[in-house]
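K.L.:
Using the numbering used here, you'd call the opening residue of the sequence shown number 2 and step up by one each time.
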Amino acid sequence: MSNRSNTYRVNNKGREIHNSHLQKIEKMKNNFQRNGILLLCSLLWATVTVAQSPLTLNEAIAAGIKNNPNLQAAQLDSKMQLQLVKSAYELPQTEFTGTFGQINTKANDRNFAVSQTFSPFQYGAKKKLLQANSALSTLQAAQTQQELIFSIRQSWNAMLYYAELNKIMEKHNSLMKRFVRSASLKFDTGETNALEKTTAVAKQQELEQQIKQNQALLWVEQSKLKTYLNDTGDFRISDTLLTALPALTVLDSSMVVKNNVLQVAAENVRVAEAATKVQRSTLMPDVTAGYFIQSFTGNQEVNGATVYYDGAPRFQGFTVGISLPLFAGSGVAKIKAAKTNIEIRQKDAEYLQAQLKNQYYQLREQLATYESLIAYYKTTALPNAETMTENASKAYRNGDISYVEYVQAVETAMTIRTNYLNALNKYNQTVINLQFMVNQ
Numbered sequence: 002m003s004n005r006s007n008t009y010r011v012n013n014k015g016r017e018i019h020n021s022h023l024q025k026i027e028k029m030k031n032n033f034q035r036n037g038i039l040l041l042c043s044l045l046w047a048t049v050t051v052a053q054s055p056l057t058l059n060e061a062i063a064a065g066i067k068n069n070p071n072l073q074a075a076q077l078d079s080k081m082q083l084q085l086v087k088s089a090y091e092l093p094q095t096e097f098t099g100t101f102g103q104i105n106t107k108a109n110d111r112n113f114a115v116s117q118t119f120s121p122f123q124y125g126a127k128k129k130l131l132q133a134n135s136a137l138s139t140l141q142a143a144q145t146q147q148e149l150i151f152s153i154r155q156s157w158n159a160m161l162y163y164a165e166l167n168k169i170m171e172k173h174n175s176l177m178k179r180f181v182r183s184a185s186l187k188f189d190t191g192e193t194n195a196l197e198k199t200t201a202v203a204k205q206q207e208l209e210q211q212i213k214q215n216q217a218l219l220w221v222e223q224s225k226l227k228t229y230l231n232d233t234g235d236f237r238i239s240d241t242l243l244t245a246l247p248a249l250t251v252l253d254s255s256m257v258v259k260n261n262v263l264q265v266a267a268e269n270v271r272v273a274e275a276a277t278k279v280q281r282s283t284l285m286p287d288v289t290a291g292y293f294i295q296s297f298t299g300n301q302e303v304n305g306a307t308v309y310y311d312g313a314p315r316f317q318g319f320t321v322g323i324s325l326p327l328f329a330g331s332g333v334a335k336i337k338a339a340k341t342n343i344e345i346r347q348k349d350a351e352y353l354q355a356q357l358k359n360q361y362y363q364l365r366e367q368l369a370t371y372e373s374l375i376a377y378y379k380t381t382a383l384p385n386a387e388t389m390t391e392n393a394s395k396a397y398r399n400g401d402i403s404y405v406e407y408v409q410a411v412e413t414a415m416t417i418r419t420n421y422l423n424a425l426n427k428y429n430q431t432v433i434n435l436q437f438m439v440n441q
């Protein structure tokens, strides 16, 4: 028995040494794997950090102006309209004619002629119309650029808003998770019924769904911004907090005239006026000038002497003609329609200016409202929300309030924070709208 016992102890000791050795090997293996994973994660994070360099708002606007295809198309159209100005003096094709046969006598002769038609009263009017179209296209390109800047600013602000909203909901979610743990512990110890635990779980899960929805909205705005910048890569915005944008230093309704949309409308009036002048010029005469040379076969008396001509082209001359619109009824109708179009464009511009001024005053009133609301939240509501959350959490832990009162308190605090964020977001959107309104 003693020998077997000794043998058993030796074997156990050997196994212990063997197991200890295996544990050391396994530990080294795990450490190696863990260190390898950490190293790999560090490398990946470094790569992502380099690739996702922070992007400022001004850099985003500059990238959009440089790379946005829609703006590039508008700029190319402006270039094309400028190139078309040189086409104002376009002439109809030069006419070359040849006549063969018995032109003068029974002998066969030849007549060659060249002629060109001019519309001298149209060229100046056409050039002014093309110049007006070029100016209109330039303004439309500027309008497209301002709309792009407006869209970039909107998405930028929206991304900051959703990111801040996500922070609020995550903070509230941490409170709800503690509420779930506390309710579960109370249920396990028999301090409360299943209703409190079920309510806690339901509220916390509902909040997580809201967080997912908010993250999806954030992704949508980021996708929009990438489209505006024509950027397929990943990037991070440099701003991390949603703060109130600086208000415009000068707020005057006269600044509305700087709006590109209104300038385009005013230029449309000038284009309509130039088009009317072109239509009028079509009722003015066209002039045709030509030159011909022809042959003559036979005898011809020249200075009292008879001269025989062998049919070689040698007789030449010039032709001049004028074209008049004798049947000008359709042209007159087009002029009347062109004048009516001028009135239409003028009314459109007048209505647009009145509409923009009205929107401008509305935005100013909204801005003042949001400024007052933000001041209220900063000075009163937000401090109260913080106090409410702290007191409710402490009271619930101590058993001084029920779970219903706790949920009401923390949800009220969250509502205050989200309402403040909404007011700040709307304030910034109003500032962005005013910037667009006055072309800034």
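The beta carbon of each residue, even a glycine, is placed where N, CA and C say it ideally should be.
Considering only residues of the same chain and omitting the five flanking positions on each side of leucine 374, which have a CB-CB separation below 7 Å?
P.N.:
The residue you call residue 374 lines up with position 373 of the sequence shown. Ala424, listed in sequence order.
K.L.:
At what residues does the alpha helix (DSSP H) containing threonine 118 begin and finish?
P.N.:
One-based indexing of the sequence shown puts residue 118 at position 117. Segment 110-119 is the beta strand (DSSP E) holding threonine 118; no alpha helix (DSSP H) there.
K.L.:
How is asparagine 261 classed by DSSP in three states: helix, strand or coil?
P.N.:
Reading the sequence shown from its first residue, position 260 is the one you call residue 261. Three-state DSSP puts asparagine 261 in a helix.
K.L.:
If contacts are defined as beta-carbon pairs under 8 Å, then glutamine 295 and leucine 140 qualify, I think. What distance do you get, rounded to the angstrom?
P.N.:
Start at 1 with the first residue of the sequence shown, and residue 295 comes out as number 294. Start at 1 with the first residue of the sequence shown, and residue 140 comes out as number 139. Not a contact, Cβ separation roughly 56 Å.
K.L.:
Within 8 Å, do at least three Cβ pairs link the region 124-137 to the region 81-91?
P.N.:
Judged by Cβ distances under 8 Å, the region 81-91 makes contact with the region 124-137, as three or more pairs qualify.
K.L.:
Would you tell me roughly how many angstroms separate the C-alpha atoms of tyrosine 310 and threonine 106, rounded to the nearest one?
P.N.:
Here residue 310 refers to the residue found at position 309 when the sequence shown is read from its first residue. Here residue 106 refers to the residue found at position 105 when the sequence shown is read from its first residue. When rounded, the distance between both Cα atoms is 12 Å.
K.L.:
Skipping 5 residues on each side, what residues in its chain have a beta carbon closer than 7 Å to that of threonine 95?
P.N.:
Against the sequence shown, residue 95 aligns to sequence position 94. Cβ neighbours of threonine 95 beyond the five flanking positions: Val115, Gln117.
K.L.:
Rounded to whole angstroms, what's the CA-CA distance from glutamine 430 to valine 270? Just pull it up for me.
P.N.:
Here residue 430 corresponds to residue number 429 of the sequence shown, with the count starting at 1. Here residue 270 corresponds to residue number 269 of the sequence shown, with the count starting at 1. Going from the Cα of glutamine 430 to the Cα of valine 270 covers about 32 Å.
K.L.:
Is it the case that the Cβ atoms of alanine 339 and alanine 276 are separated by a distance below 9 Å?
P.N.:
Taking the sequence shown and counting its residues from 1, the one referred to as residue 339 is at position 338. Taking the sequence shown and counting its residues from 1, the one referred to as residue 276 is at position 275. Yes, they are a contact pair.
K.L.:
Pull the bridge partners of glutamate 96 from the DSSP assignment, please.
P.N.:
Locating residue 96 in the sequence shown gives position 95, where the first residue counts as 1. Looking at the DSSP assignment, glutamate 96 forms a beta bridge with Ser116.
K.L.:
Alpha carbon to alpha carbon, how far is lysine 198 from alanine 396? Give it in angstroms, no decimals.
P.N.:
As a working mapping, residue 396 is identified with position 395 in the sequence shown. As a working mapping, residue 198 is identified with position 197 in the sequence shown. Roughly 18 Å between the two C-alpha positions.
K.L.:
Assess contact between the region 210-230 and the region 167-182, defined as three or more Cβ pairs (one per stretch) separated by less than 8 Å. Is contact present?
P.N.:
With a cut-off of 8 Å, the region 167-182 and the region 210-230 count as touching, because enough Cβ pairs lie within range.
K.L.:
In three-state DSSP terms, what is phenylalanine 293?
P.N.:
Here residue 293 refers to the residue found at position 292 of the sequence shown. Strand, per DSSP.
K.L.:
Touch check for the region 370-389 and the region 409-426: three-plus C-beta pairs under 8 Å?
P.N.:
As far as the Cβ criterion goes, the region 370-389 touches the region 409-426, which means the pair count is three or higher.
K.L.:
Determine the DSSP secondary structure at glutamine 360, reduced to helix, strand or coil.
P.N.:
Locating residue 360 in the sequence shown gives position 359, counting from the first residue. In this structure, glutamine 360 counts as helix in the three-state DSSP scheme.
K.L.:
Under 8 Å by Cβ, that's how I've got glutamine 123 and valine 279 pegged, so tell me the actual separation to the nearest angstrom.
P.N.:
Locating residue 123 in the sequence shown gives position 122, where the first residue counts as 1. Locating residue 279 in the sequence shown gives position 278, where the first residue counts as 1. Correct: roughly 7 Å between the Cβ atoms.
K.L.:
Assess contact between the region 145-152 and the region 68-86, defined as three or more Cβ pairs (one per stretch) separated by less than 8 Å. Is contact present?
P.N.:
A contact exists between the region 145-152 and the region 68-86.
K.L.:
Can you say whether glutamate 222 is buried or exposed, counting buried as having 16 or more other CB atoms within 10 angstroms of its CB?
P.N.:
Counting from one through the sequence shown, the residue named residue 222 turns up at place 221. Buried, by the Cβ-count rule.
K.L.:
Considering only their Cβ atoms, is the gap separating valine 257 from glutamine 354 smaller than 9 Å?
P.N.:
Along the sequence shown, read from residue 1 onward, the residue named residue 354 stands at position 353. Along the sequence shown, read from residue 1 onward, the residue named residue 257 stands at position 256. Yes, the pair counts as a contact, with Cβ atoms nearer than the cut-off.
K.L.:
For glutamine 441 and asparagine 261, what's the separation of their Cα atoms in angstroms?
P.N.:
Here residue 441 corresponds to residue number 440 of the sequence shown, with the count starting at 1. Here residue 261 corresponds to residue number 260 of the sequence shown, with the count starting at 1. Taking the straight line from one Cα to the other gives about 10 Å.
K.L.:
Here's a check: name, in chain order, each residue in its chain whose Cβ is nearer than 7 Å to the Cβ of leucine 325, leaving out the five neighbours to either side.
P.N.:
One-based indexing of the sequence shown puts residue 325 at position 324. Excluding positions up to five away in sequence, the list reads Pro286.
K.L.:
Among Arg111, Asn359, Gly99, which has the Cα closest to the Cα of serine 255?
P.N.:
Numbered from its first residue, the sequence shown carries residue 255 at position 254. Residue Asn359 is the option with its Cα nearest to serine 255.
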